[in-house]
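In what follows, a single structure is set out as structure tokens and then discussed.
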């Protein structure tokens, strides 16, 4: 893609490449600021099964899996719920209708498999998640305005799932993550995305910098979300075909990835506490992109 950084139709400021060494995502979160449910446990302390990618927990995510026809191997349902939980019994009946084998189990077994103890009495076994390719994401973007979220080694499944949920809600074309040292689509991501991982292309790539080059070749501008940017989100050109790069919870955006970005932006802040975590910041920026795109469509109309 030609590197002419002027804006089409004279809208918005010129895009400028920013974000050098040490650039950190605006969505960086401190360890003390993360909830207990979303924090990472020390190495060696996770109970068996908590990193499995073939499990979905929580009633909403499980119902979404049933509704979209996702192939389910079996279901674990809390034993003896009876009249105390008719909603759970109705869900168990749906498993029977879908010919999904149901096993009634005690709560401790569900607790042992749950990522955050929020299984709500049901966990299903499915086939391991099948990732899309970057080509799939670009194809989903079409040729008009589109948003792709690029996550630079976001490791927390809760943050990852929340970002995927936001991306799906605003109509993003897909999410791109690194194969190594990144959260994968597992039980925590299924839960926090409320099933959105089943409706949005999620691509794993071995090299994020190379992926940004491919996105640029498909007509995308890349923006690094970093608290060190000079331009705030309200004035940055967050519209059109945009690859929004968000950094990891602890280290932010890496130097190499930041250097690949065409420009950077930050969220304005008046308060005293540390900036929003990566999932919250992604939500704000995604909706700013959506607002700009819809305003542009109204002007064109």
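Numbering (the numbering used here), first residue to last: 78 to 378. The beta carbon of each residue, even a glycine, is placed where N, CA and C say it ideally should be.
It is roughly 14 Å from the alpha-carbon of residue 132 to the alpha-carbon of residue 197. For the pair residue 261 and residue 245, the CB atoms are not nearer than the 9 Å cut-off.
Collapsing the DSSP output to three states places residue 147 in coil. If you look at residue 321, you'll find it in the beta strand (DSSP E) that goes 318–324.
When the beta-carbon positions are compared, residue 162 and residue 316 stay at least 9 Å from each other.
The stretch 163–233 contains, as complete alpha helix (DSSP H) runs of 4+ residues, the segments 163–174, 184–190, 211–218 (chain order). Boundaries of the beta strand (DSSP E) around residue 281: 279–282. Taking C-beta atoms as the reference points, residue 251 and residue 226 count as a pair closer than 9 Å. In the displayed model, residue 338 falls within coil according to three-state DSSP, outside both helix and strand.
Where residue 315 is concerned, there is no enclosing beta strand (DSSP E), because DSSP gives it neither an H nor an E. At a cut-off of 4 residues, the continuous stretches assigned as alpha helix (DSSP H) that sit fully inside the stretch 230–256 are 234–246. The beta carbon of residue 259 is closer than 7 Å to those of 228, 230, 231, 232 in its chain, skipping five residues each way along the sequence. In the same chain as residue 136, and ignoring 5 residues on each side of it, the C-beta atoms closer than 8 Å to its own belong to 164, 165, 168, 197, 198, 199, in chain order. Three or more Cβ pairs closer than 8 Å define a contact, and the stretch 170–185 meets that threshold against the stretch 138–158. The Cβ neighbour count for residue 218, taken over all protein chains shown within 10 Å, is at least 16; the residue is labelled buried. Between the C-alpha atoms of residue 311 and residue 365 there is a straight-line separation of about 8 Å.
Relative to residue 318, the option among 256, 375, 224, 289 whose CA is nearest is 224. Residue 265 sits in a helix when the DSSP states are folded into three classes. Judged by beta-carbon spacing, residue 235 lies beyond the 9 Å limit of residue 276, meaning their Cβ atoms are not closer than that value. By the Cβ criterion, the stretch 277–296 is not in contact with the stretch 344–361, since fewer than three pairs of Cβ atoms, one from each stretch, lie closer than 8 Å.
Excluding residues up to 5 positions away in sequence, 138, 141 lie with their Cβ nearer than 6 Å to the Cβ of residue 272 in the same chain. For the pair residue 335 and residue 274, the Cα-to-Cα distance works out to about 26 Å.
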